[in-house]
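Input: a single structure, listed below in structure tokens.
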Amino acid sequence: MFSKPGESKNAPTSNTGNRTKVLLVVGVRLYREGLASELAHDARIDVVGQCGTAEDAIAITPIAAPDVVLVDIHTPHAFELLRALKAPPSVVRVVAFAVGEHERDIDRCAEAGVDGFVTEDVTVEEIANAVLAARCGELNCSPRSAAMLLRRLSVLASLTSATNAMSNVVAPLTSREQDILGLLVTGCSNKVIAGELHIQTTTVKNHVHRILEKLGVRTRIEAAARVRSMGQLPHHTRA
1 MFSKPGESKN
11 APTSNTGNRT
21 KVLLVVGVRL
31 YREGLASELA
41 HDARIDVVGQ
51 CGTAEDAIAI
61 TPIAAPDVVL
71 VDIHTPHAFE
81 LLRALKAPPS
91 VVRVVAFAVG
101 EHERDIDRCA
111 EAGVDGFVTE
121 DVTVEEIANA
131 VLAARCGELN
141 CSPRSAAMLL
151 RRLSVLASLT
161 SATNAMSNVV
171 APLTSREQDI
181 LGLLVTGCSN
191 KVIAGELHIQ
201 TTTVKNHVHR
211 ILEKLGVRTR
221 IEAAARVRSM
231 GQLPHHTRA
């Protein structure tokens with residue numbers, strides 16, 4: 001996905017003891033070096049490398065062999081980097097930081113498969129704790145972020161169930177119609193569906209109209225009942 005650069009200005013350093021080895025990826029040099037300096041004061045952490053681009057991170061990771069890669073999501077191509085770092089057979093832990101505490105950023109982090117994330121207003125100590133938690137396979141985040149993440153996982157589960165049920169409907173639905181039906185069954189309004197799928201409310205209305213026609217029903221309630229009657233979609237209550 002990324003080409004290997006000819007030379008990196010930030011060579012990895014050696015690790016001592018049983019400290020958690022961290023590779024730091026931050027686009028802004030001043031911010032990167034300041035955070036690296038602060039983390040270096042934590043006896044539990046060894047900063048084994050730092051870089052400012054996704055390409056450098058891809059090149060340095062197998063050399064530095066970090067336990068955790070800490071990525072500022074404002075770094076160019078950050079989410080592509082997150083996905084690349086988590087792609088099999090990689091076993092490195094990845095923590096995203098400077099994450100906005102809103103559904104768009106958290107959705108993208110979840111879809112990239114990160115092992116942890118920290119928001120924009122945390123302290124260096126909280127960043128360190130998130131790194132250590134990720135190494136142990138634990139998620140360290142605020143209650144608000146955890147709630148948004150759980151809602152997202154619930155929606156994704158509903159979408160998957162709806163997709164599995166589509167073979168039994170009257171007419172085949174498109175991928176987008178399947179997504180909308182999965183949310184419709186959970187009781188989402190057109191506005192909520194539009195927000196979840198990042199499309200216009202009018203677009204949702206048009207899709208819902210076609211879904212009802214294909215299912216051979218007249219109302220959203222009948223559509224939900226139709227799909228649930230197949231026994232493949234659990235009743236879901238939104239938080």
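Letter 90 of the sequence shown, counting from 1, is numbered 90 in full-length UniProt numbering, and no numbers are missing.
All residues carry an ideal CB built from backbone N, CA and C; glycine is no exception.
Item to check | Buried versus exposed, by CB contacts within 10 Å (16 or more), residue 91 | outcome: Position 91 of the sequence shown, counting from 1, holds the residue named residue 91. Per the 10 Å Cβ criterion, exposed.
Item to check | Nearest-angstrom Cβ-Cβ length linking residue 93 and residue 68, presumed shorter than 8 angstroms | outcome: Mapped onto the sequence shown, residue 93 falls at position 93. Mapped onto the sequence shown, residue 68 falls at position 68. Yes, they are in contact, since the Cβ atoms of residue 93 and residue 68 sit about 4 angstroms apart, within 8 angstroms.
Checklist entry - How far does the alpha helix (DSSP H) with residue 109 in it reach, from first residue to last? => result Translated into positions along the sequence shown, residue 109 becomes position 109. Here the alpha helix (DSSP H) through residue 109 covers 103-112.
Checklist entry - Taking C-alpha atoms, which residue in 125, 141, 177 lies nearest to residue 251? => result The chain is shown from 1 up to 239; residue 251 falls before or after that span and cannot be answered.
Checklist entry - With C-beta atoms as the reference, is residue 33 less than 8 angstroms away from residue 54? => result Position 33 of the sequence shown, counting from 1, holds the residue named residue 33. Position 54 of the sequence shown, counting from 1, holds the residue named residue 54. No, Cβ-Cβ distance for residue 33 and residue 54 is not below 8 angstroms.
Checklist entry - Exposed or buried, which one is residue 170 when buried takes at least 16 other CB atoms within 10 Å? => result Along the sequence shown, one-based indexing puts residue 170 at 170. Summary for residue 170: the model assigns pLDDT 45, below 50, so the residue's position carries little reliability, and this model does not support an answer.
Item to check | Assigned exposure category for residue 205 - 16 Cβ within 10 Å defines buried | outcome: Your numbering for residue 205 matches position 205 in the sequence shown. Counting Cβ neighbours within 10 Å, residue 205 comes out exposed, since fewer than 16 surround it.
Checklist entry - Based on the DSSP output, what are the partners of residue 97 in its beta bridges? => result Taking the first residue of the sequence shown as position 1, residue 97 is located at position 97. Looking at the DSSP assignment, residue 97 forms a beta bridge with 72.
Next on the checklist: Tell me which residues share the same chain as residue 4 and place their Cβ nearer than 8 angstroms to its Cβ, disregarding the 5 neighbours each side in the sequence.
Outcome noted: Against the sequence shown, residue 4 aligns to sequence position 4. Confidence is the limiting factor: at residue 4 the pLDDT is only 38, short of 50, which leaves the residue's position unreliable and the question unanswerable from this model.
Item to check | Limits of the beta strand (DSSP E) - the one that residue 45 falls within | outcome: Position 45 of the sequence shown holds residue 45. Counting along the chain, the beta strand (DSSP E) containing residue 45 begins and ends at 45-51.
Next on the checklist: Please state the DSSP three-state secondary structure of residue 119.
Outcome noted: Along the sequence shown, read from residue 1 onward, the residue named residue 119 stands at position 119. Strand at residue 119.
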